[in-house]
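Numbering (the working numbering), first residue to last: 952 to 1459.
Everything on this sheet refers to the single structure shown next.
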Amino acid sequence: MNKLSVAFLVLSLSSVVSAGPTGHWLAKQTFPDGQTRETSLWLKADGNTLTGYMISPNQDAAPISNGKISGNEISFSVVRDNFGEQRKTDYSGTLTNDKLTLRLPGFGGRRVREMSFQQVSTEIPGPPPPPKPKISLPPAADVPSNGLAKTPPMGWNSWNKFARSVSDRVVRETADAIVKNGMKDAGYIYVNIDDAWQGTRDAQGNIRPNDKFPDMKALADYIHSKGLKIGIYSSPGPKTCANYEGSFQHEEQDAKTFAAWGIDYIKYDWCSASQVYDYHSMPAVYAKMGLALLHSGRPIVYSLCQYGVLKSETWGAKVGGNSWRTTGDIRDSWESMSHIGFDEQLDLAPYAGPGHWNDPDMLEIGNGGMTNTEYRTHMSLWSLLAAPLLAGNDLSKASPEIMDILLNKEVIAIDQDPLGKEATRVSKEGDLEVWARPLQGGAFAVGLFNRGPSTAKVTARWSDVGLHGSARVRDLWKHKDLGVSAEAFSSDVPSHGVTLLKLEPASK
Ligand code: GLA
């Protein structure tokens, strides 16, 4: 062994032998598509106490609190600013030499996850680096309406099922399936690529797709040749949520590129924008892209994704938005879907209307985490809410039962009703809720929901719905007329299920 390799060995040994938690720990997540995300943990042990800070991807440093050491086990909390709210996350971990396995609590039905850290130095951390300075934009002038999305957009989006593995092939196969399985005829027109399509920028700053998308223009041409439309995804921040290139400081250029490719829809996701902007500038930040799209020379539906922050329903349409997310991300679970659909949409109805819609996030129907009864509730509730109907499953493999749910034309007609009035909750008795929306021509759509653990009788009273006189009742899942009722209708609704009705006034 020569001197150099001995020196190297000593150096490598000294960098892996740990005297305890003190030092700099790095977790590198590398995804199959080559993208990496780094989380840094700076720890200082003092007896049984642990201090330090954590730097998560696209976030400022956050100090740790309540840090404790007990043998090989450590635990601490991190309080982060989440759009003005302090959000505490509790972590626990196990230390073995230069490895630290950190357990992250689950969110919204997600399981507990683990993250593996490697010790990269034993340096004692100083104070956390200060937050990066943020840009404040002056309020923007209202962006004129683009005249699109007179009814809620319908189609498919790649994220819920394919996430980072979306590719040209997946998008083409999905378009083929949409034509073949009847979804196109039912109105599902937009084939939307979510995060993970982006590559790097060229010398002139033009965004290029990554290897999974050899030719975006050719892909758009293919989608258009099927009589469908194509959507894409970006962020006002430097990076997207999955750490790909965002549109920061390239807004006009990207809007023009998207138009040149033939893009018809963009989802614009806040993600890392809090790293560069004061989040109170959010409306102005979204107005910037709204205007850029308007000047792009192509009609492009503009979908805002900022998790409902700053009451986006009150300004989403003014910045040129055709829809705005009203909540955090949906998961494929009853808890997540029902919480988002029932609890988080209250009071939002007045803001929806032709051209501008509340967006409770994309559909999970067919992804396997809920029963078909629950998926029927999902479809019914989203249609009552006049929500965008973006399927989120693998359409090339969907079962006939799932296709029946997505293709129920009577339910789709509720979502697409031209009056564009979103449902409100008109009664609630414990787990039993009735939601109703007026339809064009004086009819009403009414959902009788049972959020409880066993079958229960749910009653819709015409006085609650806002209907005067008797009504003809039709069941939209059974496709059956149920006769005329004078003032109410009751139905035995299974646990987590729905009876969805259309009521036509039968007398004046
Ligand atoms: C955010 C959005 C999701 C999805 C992912 C992609 O979490 O809310 O809908 O677009 O980013 O990274």
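Heads up, the beta-carbon is just placed ideally off N, CA and C, and yes, glycines get one too.
Predicted model only: the values in this text are computed from it and were never measured.
Give the DSSP bridge partners of ASN1033, in chain order.
-> The bridge partners DSSP lists for ASN1033 are GLU1036.
Apart from the five residues just before and just after PRO1369, which ones in its own chain have a Cβ nearer than 7 Å to its Cβ?
-> These residues qualify, in order along the chain: THR1102 and GLN1391.
Please confirm whether VAL1362 and LEU1427 have their CB atoms less than 8 Å apart.
-> LEU1427 is positioned such that its CB atom lies closer than 8 Å to that of VAL1362.
Pick helix, strand or coil for GLN1296, following the three-state DSSP scheme.
-> In the structure shown, GLN1296 sits in coil (DSSP, three-state: anything other than H, G, I, E or B).
Alpha carbon of PRO1351 to alpha carbon of ASN1143, nearest angstrom | Cα to Cα, PRO1351 sits roughly 23 Å from ASN1143.
For GLU993, which three-state DSSP category applies?
-> For the sequence presented, residue 993 should be read as Trp rather than Glu. In the three-state reduction of the DSSP assignment, TRP993 falls in the strand class, which pools E and B.
Cβ-heavy atom distance between THR1191 and the ligand GLA below 7 Å?
-> Closer than 7 Å to some heavy atom of the ligand GLA: that describes the Cβ of THR1191.
Which residue spans inside the segment 1248-1325 form an unbroken beta strand (DSSP E) run of at least 3?
-> Listed in chain order, the complete beta strand (DSSP E) runs (minimum 3 residues) inside the segment 1248-1325 are 1252-1256, 1274-1276 and 1308-1310.
With burial defined as no fewer than 16 other Cβ atoms inside 10 Å of the residue's Cβ, what is the status of SER1458: buried or exposed?
-> Per the 10 Å Cβ criterion, exposed.
Can you give the beta carbon distance from HIS1329 to GLY1292, rounded, assuming they're within the 8 Å contact cut?
-> Right, their Cβ atoms sit about 7 Å apart.
Give the range of the alpha helix (DSSP H) segment to which VAL1121 is assigned.
-> Residues 1119-1131.
Inter-residue CB distance, SER1446 and SER1414 (contact presumed, cutoff 8 Å) | Contact between SER1446 and SER1414 is ruled out by a C-beta separation of about 27 Å, above the 8 Å threshold.
Given a threshold of 16 other Cβ atoms within 10 Å of its Cβ, counted over all protein chains shown, does HIS1246 qualify as buried or as exposed?
-> Label assigned to HIS1246: exposed.
May I have the straight-line CA-CA distance separating ASN1309 from GLN986, to the nearest angstrom?
-> Approximately 32 Å between the Cα atoms of the pair.
Mind checking whether the beta-carbon of TRP976 lies closer than 7 Å to any heavy atom of the ligand GLA?
-> No, the ligand GLA has no heavy atom inside 7 Å of this Cβ.
Can we count ASP1145 as close to the ligand GLA, meaning its CB is less than 7 Å from some heavy atom?
-> Taking 7 Å as the cut-off, the C-beta of ASP1145 counts as close to a heavy atom of the ligand GLA.
Return yes when the Cβ of LEU1358 is within less than 8 Å of the Cβ of GLY1106, no when it is not.
-> Against a cut-off of 8 Å, the Cβ pair of LEU1358 and GLY1106 comes out as no contact.
Should the segment 1449-1458 be called in touch with the segment 1396-1412, which here means at least 3 C-beta pairs below 8 Å?
-> At 8 Å Cβ cutoff, the stretches touch.
Which whole-angstrom value is the C-beta distance of ALA1394 and GLU1455, which I expect to be below 8 Å?
-> A Cβ-Cβ distance of about 5 Å is found for the pair ALA1394 and GLU1455, placing them in contact under the 8 Å criterion.
When DSSP labels each residue in this structure, what does ILE1140 get in the three-state scheme?
-> The answer is coil: DSSP assigns ILE1140 none of H, G, I, E or B.
Would you mind reading off the limits of the beta strand (DSSP E) that contains THR1102?
-> No beta strand (DSSP E) holds THR1102; DSSP gives it neither H nor E.
Going by C-alpha distance, which of GLY1319, ALA1374 and ASP1366 is nearest ALA1349?
-> Measuring from the Cα of ALA1349, the nearest candidate turns out to be GLY1319.
For CYS923 versus TYR1219, is the C-beta spacing smaller than 8 Å?
-> Only positions 952 to 1459 of the chain appear in the structure, and residue 923 is not among them; the question remains open.
Kindly give me the distance between the Cβ atoms of TYR1258 and GLY1271, rounded to whole angstroms, as I take these residues to be in contact under 8 Å.
-> About 19 Å separates the two Cβ atoms, so there is no contact after all.
Boundaries of the alpha helix (DSSP H) in which LYS1239 is found, first to last residue | Boundaries of the alpha helix (DSSP H) harbouring LYS1239: 1233-1245, taken from the DSSP string.
Cβ-based neighbour list, SER1186, same chain, cut-off 6 Å, excluding 5 preceding and 5 following | Within the same chain, SER1186 has close Cβ partners GLY1197, ASP1220 and CYS1222.
With respect to the beta strand (DSSP E) encompassing ASP1426, which residues constitute its N-terminal and C-terminal limits?
-> Segment 1422-1426, the beta strand (DSSP E) holding ASP1426.
Got a sec: does the ligand GLA put a non-hydrogen atom nearer than 7 Å to the Cβ of TRP1308?
-> For TRP1308, the shortest C-beta to heavy atom distance toward the ligand GLA is 7 Å or greater.
Segment contact, 8 Å Cβ cut-off, at least three pairs: the segment 1110-1120 with the segment 1041-1056 | Verdict: no, contact absent.
Quick one: Cα of ARG1064 to Cα of THR1045, how far?
-> Inter-residue distance for ARG1064 and THR1045 is about 14 Å (C-alpha atoms, whole angstroms).
Within the 8 Å Cβ cut-off, does SER1185 reach chain B?
-> Chain labels in this structure do not include chain B; a single protein chain is all it has.
How about ASN1097 and ASP1145: do their beta carbons lie closer than 8 Å?
-> Not a contact, by the Cβ cut-off of 8 Å.
For the ligand COA, is there a heavy atom less than 7 Å away from the beta-carbon of ASP1345?
-> Annotation note on the ligand COA: not contained in the displayed structure, which lists the ligand GLA as its ligands.
The alpha helix (DSSP H) spanning PRO1463 covers which residue range?
-> Residue 1463 lies beyond the stretch modelled for the chain, which goes from 952 to 1459, so this question has no answer here.
Cα-Cα separation, SER1232 to SER1263 = The straight-line gap from Cα to Cα measures roughly 12 Å.
Between the C-alpha atoms of TRP1386 and ASP984, what's the straight-line distance to the nearest angstrom?
-> Distance between the alpha carbons of TRP1386 and ASP984: 43 Å.
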